[in-house]
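Colleague: Heads up: the protein sequence lines correspond to chains A and B, in order. Adding 2 to a residue's 1-based position in the first sequence gives its number in the numbering used here. Adding 651 to a residue's 1-based position in the second sequence gives its number in the numbering used here. Each residue gets a CB set at the ideal place from its N, CA and C atoms; glycine is no exception. These figures come from a predicted structure and were not determined experimentally. One structure follows; several queries about it will come next.
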Amino acid sequence: MAALARKVEPIRGSSDAETVYELTGVGKTYARNRVRALEGISLSLQRGSFSSVIGSSGCGKSTLLKIMSGLTPPSAGRVTINGQPVMGPRRDIGMMFQHATLFPWRTTLENVLLPIEIRDGKAAARKARDRGADLLKLVGLEGFENVYPNELSGGMAQRAAICRMLVTEPDMILLDEPFSALDEISRDFMNMELQRICTETNATAFLVTHSIAEAVILSDHVYVMAPRPGRIAEVIEIDLPRPRTLDMITTPRFGALVERIRTRLDQGDF
Amino acid sequence: MTETHAHQPADTIWQEKVSLLDQIPRAVQLAFVAMVFIGFWQLLTMSDLVPPIILPTPLETLNDMIFVGRNILTGDYMAVSLWTTVRTVLYGYALAIAIGLTLGIVVGETSFGERAIMPYLVAIDTMPKVAFAPLFVAWLGFDIDSKVALAAFIATFPIVVGTAAGLHAPDANARMLFKTMGATRWQTLVKMKIPTGLPQIFTGLKIGSVGVMAGAITGEFLGGGNGFGELIRVAASQLNTPRVFSLILYLSFIGLALFAATAWAQRVLIFWHKERAMGE
Chain A
3 MAALARKVEP IRGSSDAETV YELTGVGKTY ARNRVRALEG ISLSLQRGSF
53 SSVIGSSGCG KSTLLKIMSG LTPPSAGRVT INGQPVMGPR RDIGMMFQHA
103 TLFPWRTTLE NVLLPIEIRD GKAAARKARD RGADLLKLVG LEGFENVYPN
153 ELSGGMAQRA AICRMLVTEP DMILLDEPFS ALDEISRDFM NMELQRICTE
203 TNATAFLVTH SIAEAVILSD HVYVMAPRPG RIAEVIEIDL PRPRTLDMIT
253 TPRFGALVER IRTRLDQGDF
Chain B
652 MTETHAHQPA DTIWQEKVSL LDQIPRAVQL AFVAMVFIGF WQLLTMSDLV
702 PPIILPTPLE TLNDMIFVGR NILTGDYMAV SLWTTVRTVL YGYALAIAIG
752 LTLGIVVGET SFGERAIMPY LVAIDTMPKV AFAPLFVAWL GFDIDSKVAL
802 AAFIATFPIV VGTAAGLHAP DANARMLFKT MGATRWQTLV KMKIPTGLPQ
852 IFTGLKIGSV GVMAGAITGE FLGGGNGFGE LIRVAASQLN TPRVFSLILY
902 LSFIGLALFA ATAWAQRVLI FWHKERAMGE
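Laid out in structure tokens, this is it:
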């Protein structure tokens with residue numbers, strides 16, 4: 003746990019928050035068919051904050067996330083993490099996808115340690131075994147270290163994927179509809195787990211989702227995107243108290259926020 | 652009991668129907684099919700439809716198999732023949748695996764290989780490869796080299812295709828994941844693409860293991876030497892059909908052993924696949 007302790011003091015919501023991740027005027031035009039996928043995206047994410055981006059399919063959410071993770075270069079603008087330019091995949095950016103994508107020939111722990119093995123070699127991965135085990139404990143997978151993924155349920159696999167994302171202690175975590183392949187009950191539960199894990203590790207998170215309720219329950223800020231070209235139509239601050247609970251879904255404030263986002267999404271330009 | 656609980660409905664426990672044929676143990680099923688086959692064979696030889704010189708009886712074949720088996724076990728000339736053929740098959744298979752995997756990786760991993768090399772491989776693959784046998788004999792002589800070459804030549808293509816298909820097996824998520832981890836091309840290949848593609852690679856290897864037998868025997872038919880192929884050719888020219896039959900059966904044991912060894916390696920290497928492949 004020593005490795006995690008560094009990040010444990012919760013400073014969420016403190017006024018002197020520092021900017022971890024910044025996008026300035028980011029645009030993406032695909033040269034082949036001259037489609038403008040993104041235009042003028044500017045946002046800055048504070049340490050320990052949770053932000054979501056929501057929008058209809060084809061509004062450029064995935065492209066945005068690919069640029070933020072360093073998988074694709076932007077064609078305009080600047081992307082920085084801790085002041086450094088993002089010019090490709092980086093170890094201080096963790097990413098998680100819709101599918102857990104655990105490899106069946108590796109045990110759960112070996113899957114979790116994969117990013118370290120790739121970046122620093124097998125010896126470093128061996129040394130990090132304790133940290134990997136601590137992370138598995140954090141997500142409630144204690145005792146599953148040496149189990150192969152085909153014995154894990156969908157929700158357990160996604161938890162292992164969370165550990166794999168966190169094992170390099172990234173400053174920024176990017177989540178691409180991470181629980182959308184799960185059933186609704188597991189999904190609600192995993193969202194609460196995600197909140198707890200983010201708080202405990204003081205992670206700065208950016209989530210792409212289709213679900214308005216999911217965006218509201220998890221986020222400090224929701225970025226509503228409009229398509230053609232993909233741009234941020236509105237930023238909505240979610241002022242629900244922390245920690246969030248599933249009960250809040252039935253409160254009037256929650257309903258009002260969901261309504262506001264839905265109205266924004268329903269406006270003509272979609 | 653039933654009378655005191657007369658009003659309580661009975662538990663609805665019932666058996667799923669499994670057809671009688673499926674309830675028989677597998678060993679019995681296998682033996683049954685073999686017996687039907689041999690019985691039909693016996694009837695055919697007893698009828699006047701086929702002259703005995705063309706089709707030997709099962710018993711004649713069995714007797715000849717015992718003779719051949721003795722000859723092999725005593726280290727006589729047939730043991731030398733068997734060893735020649737086994738060596739040819741093993742060298743051919745090893746060569747096919749080495750070339751097949753290498754070419755498969757080039758074709759499956761590089762777009763140059765896929766665009767510029769694969770079309771030629773497909774073109775060569777569509778040729779009747781056995782027709783190359785005289786060329787191999789002319790180039791490599793009557794020793795086992797020419798047979799090894801033909802065997803490897805036939806077995807290489809399915810391995811190339813299997814390997815290339817295997818490298819295309821990983822989905823977009825796995826590729827993206829490796830990219831975000833900053834994996835090099837080599838790491839992506841070794842730690843992700845090859846393990847993911849092992850099932851397809853082994854499909855290629857299994858087809859190759861069958862092809863290598865065909866290639867070795869064809870080479871021995873056409874290029875002489877002292878292998879089993881040559882023994883079969885001689886026996887056939889003497890109309891010694893029981894001998895031909897028994898030699899073919901011994902050859903099928905070699906083929907089965909090679910296939911079984913490949914299937915075993917597959918089960919050990921792809922330990923996470925629980926389901927069995929067809930024909931095992």
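Starting from residue 79 of chain A, follow the beta strand (DSSP E) in both directions and report where the run begins and ends.
Modeller: For the purposes of this step, residue 79 of chain A is identified with residue 77 of the first sequence, where counting begins at 1. That run of the beta strand (DSSP E) goes 78–83.
Colleague: Note down, one range per segment and in chain order, each beta strand (DSSP E) of at least 3 residues found wholly within the region 222–257 of chain A.
Modeller: 223–228, 233–239
Colleague: Quick one: residues in its chain with C-beta nearer than 8 Å to the C-beta of residue 101 of chain A, no 5 flanking neighbours on either side, listed in chain order?
Modeller: Indexing the first sequence from 1 puts residue 101 of chain A at position 99. Excluding residues within five positions, the ones whose Cβ falls inside 8 Å are 183.
Colleague: Terminal residues of the continuous alpha helix (DSSP H) containing residue 830 of chain B?
Modeller: Along the second sequence, one-based indexing puts residue 830 of chain B at 179. Taken as a continuous stretch (DSSP letters only), the alpha helix (DSSP H) holding residue 830 of chain B covers 823–831.
Colleague: If you run the structure through DSSP and keep just helix, strand and coil, what is residue 727 of chain B?
Modeller: Taking the first residue of the second sequence as position 1, residue 727 of chain B is located at position 76. Residue state, collapsed to three classes: coil.
Colleague: Can you tell which of A/175, A/55, A/91, A/61 has its C-alpha closest to the C-alpha of residue 275 of chain A?
Modeller: With chain A covering only 3 through 272, there is no way to say anything about residue 275 of chain A.
Colleague: Exposed or buried, which one is residue 710 of chain B when buried takes at least 16 other CB atoms within 10 Å?
Modeller: If you number the second sequence from 1, residue 710 of chain B lands on position 59. Exposed is the call here.
Colleague: Tell whether a beta-carbon distance below 8 Å holds between residue 118 of chain A and residue 22 of chain A.
Modeller: Locating residue 118 of chain A in the first sequence gives position 116, where the first residue counts as 1. Locating residue 22 of chain A in the first sequence gives position 20, where the first residue counts as 1. For residue 118 of chain A and residue 22 of chain A, no; Cβs fall outside 8 Å.
Colleague: What does the alpha-carbon distance come out to for the pair residue 913 of chain B and residue 813 of chain B?
Modeller: If you number the second sequence from 1, residue 913 of chain B lands on position 262. If you number the second sequence from 1, residue 813 of chain B lands on position 162. Taking the straight line joining both Cα atoms gives about 14 Å.
Colleague: Checking contacts by CB at 8 Å: is residue 223 of chain A closer than that to chain B?
Modeller: Translated into the one-based positions of the first sequence, residue 223 of chain A becomes position 221. So no, residue 223 of chain A is outside the interface.
Colleague: Just by C-beta distance, which residues in the region 823–843 of chain B are closer than 8 Å to chain A?
Modeller: 824, 825, 827, 828, 829, 830, 831, 832, 833, 834, 838, 842, 843
Colleague: Interface residues of chain B around residue 121 of chain A at Cβ under 9 Å?
Modeller: Taking the first residue of the first sequence as 1, we reach residue 121 of chain A at position 119. Under the 9 Å cutoff, chain B gives 832, 833, 834.
Colleague: Note down, one range per segment and in chain order, each alpha helix (DSSP H) of at least 4 residues found wholly within the region 742–785 of chain B.
Modeller: Within the region 742–785 of chain B, the complete alpha helix (DSSP H) runs of at least 4 residues are 769–777.
Colleague: Beta-carbon within less than 6 Å of residue 13 of chain A's beta-carbon, same chain only, minus the 5 sequence neighbours each way: which residues are those?
Modeller: In the first sequence, residue 13 of chain A corresponds to position 11, counting from 1. In this prediction, residue 13 of chain A scores a pLDDT of 43, lower than 50, which makes its location untrustworthy; the coordinate-derived value is nonetheless stated afterwards. Closer than 6 Å at Cβ, skipping near neighbours: 50.
Colleague: Quick one: grab the DSSP three-state call for residue 881 of chain B.
Modeller: Numbered from its first residue, the second sequence carries residue 881 of chain B at position 230. Helix at residue 881 of chain B.
Colleague: Checking contacts by CB at 8 Å: is residue 140 of chain A closer than that to chain B?
Modeller: By one-based count along the first sequence, residue 140 of chain A stands at place 138. False, the Cβ-Cβ gap to chain B never drops below 8 Å.
Colleague: Residues of the region 155–169 of chain A in Cβ contact with chain B at a cutoff of 8 Å, in chain order, please.
Modeller: none
Colleague: First and last residue of the alpha helix (DSSP H) that includes residue 110 of chain A?
Modeller: Stepping through the first sequence from its first residue, residue 110 of chain A is reached at position 108. Taken as a continuous stretch (DSSP letters only), the alpha helix (DSSP H) holding residue 110 of chain A covers 110–114.
Colleague: Would you say residue 162 of chain A and residue 154 of chain A are within 8 Å of each other, going by their C-beta atoms?
Modeller: Taking the first residue of the first sequence as position 1, residue 162 of chain A is located at position 160. Taking the first residue of the first sequence as position 1, residue 154 of chain A is located at position 152. Cβ atoms of residue 162 of chain A and residue 154 of chain A: closer than 8 Å.
Colleague: Could you check whether the Cβ of residue 850 of chain B sits closer than 8 Å to any Cβ belonging to chain A?
Modeller: Residue mapping note: residue 850 of chain B aligns to position 199 of the second sequence, counting from 1. Output row for residue 850 of chain B: interface = no.
Colleague: In or out: residue 727 of chain B buried (at least 16 other Cβ within 10 Å) or exposed?
Modeller: As a first step, residue 727 of chain B must be located in the second sequence, where it is residue number 76. Exposed is the call here.
Colleague: Using 8 Å as the Cβ pair cut-off and three pairs as the minimum, do the region 849–869 of chain B and the region 85–94 of chain A touch?
Modeller: These segments do not touch.
Colleague: Taking 8 Å as the CB-CB limit, is residue 923 of chain B close to chain A?
Modeller: For the purposes of this step, residue 923 of chain B is taken as the residue at position 272 of the second sequence. It does: the Cβ of residue 923 of chain B has a partner Cβ on chain A nearer than 8 Å.
Colleague: Once you ignore the five residues that flank residue 127 of chain A on each side, which residues in its own chain have a CB closer than 6 Å to its CB?
Modeller: Position 125 of the first sequence, counted from the start, is the residue given in the question as residue 127 of chain A. These residues qualify, in order along the chain: 115, 118, 119.
Colleague: Cβ atoms of residue 248 of chain A and residue 173 of chain A: under 8 Å apart, would you say?
Modeller: Taking the first residue of the first sequence as 1, we reach residue 173 of chain A at position 171. Taking the first residue of the first sequence as 1, we reach residue 248 of chain A at position 246. Not in contact: residue 173 of chain A and residue 248 of chain A (Cβ atoms no closer than 8 Å).
Colleague: At 8 Å on the CB atoms, spell out the chain A contacts of residue 846 of chain B, in chain order.
Modeller: By one-based count along the second sequence, residue 846 of chain B stands at place 195. Within 8 Å Cβ-Cβ: 105, 107.
Colleague: Would you call the region 721–740 of chain B and the region 875–888 of chain B in contact, with 3 or more CB pairs under 8 Å?
Modeller: yes
Colleague: Is residue 46 of chain A close to chain B? Criterion is C-beta to C-beta, closer than 8 Å.
Modeller: On the first sequence, residue 46 of chain A is found 44 positions in, with the first residue counted as 1. No, residue 46 of chain A does not count as interfacial toward chain B.
Colleague: Does chain B have any CB closer than 8 Å to the CB of residue 116 of chain A?
Modeller: As a position in the first sequence, residue 116 of chain A is number 114, starting the count at 1. Closer than 8 Å: yes.
Colleague: Give a yes or no on whether the minimum CB-CB distance between residue 146 of chain A and chain B is below 8 Å.
Modeller: Counted from its first residue, the first sequence places residue 146 of chain A at position 144. Judged by the 8 Å Cβ criterion, residue 146 of chain A is not in contact with chain B.
Colleague: Any beta-carbon of chain B closer than 8 Å to the one on residue 75 of chain A?
Modeller: The residue given as residue 75 of chain A occupies position 73 in the first sequence. Chain B, which has no Cβ nearer than 8 Å to the Cβ of residue 75 of chain A, makes this no.
Colleague: Hey, residue 795 of chain B and residue 836 of chain B: beta-carbon distance below 8 Å or not?
Modeller: Working through the second sequence from its first residue, we reach residue 795 of chain B at position 144. Working through the second sequence from its first residue, we reach residue 836 of chain B at position 185. For residue 795 of chain B and residue 836 of chain B, no; Cβs fall outside 8 Å.
Colleague: Determine contact between the region 774–790 of chain B and the region 827–841 of chain B, defined as no fewer than three beta-carbon pairs at a distance below 8 Å.
Modeller: no
Colleague: What's the call for residue 193 of chain A, buried or exposed, on a 16-neighbour Cβ count within 10 Å?
Modeller: Your numbering for residue 193 of chain A matches position 191 in the first sequence. The residue in question, residue 193 of chain A, is buried, as its Cβ has 16 or more Cβ neighbours within 10 Å.
Colleague: For residue 882 of chain B, collect the residues of the same chain with a Cβ closer than 6 Å to its Cβ; drop the 5 residues on either side in sequence, then sort them by chain order.
Modeller: For this step, residue 882 of chain B is matched to residue 231 along the second sequence. Same-chain partners within the cutoff: 732, 898.
Colleague: Against residue 91 of chain A, what residues of chain B qualify as contacts under a CB-to-CB distance less than 8 Å, listed in chain order?
Modeller: Residue mapping note: residue 91 of chain A aligns to position 89 of the first sequence, counting from 1. 830, 831, 832, 833, listed in chain order.
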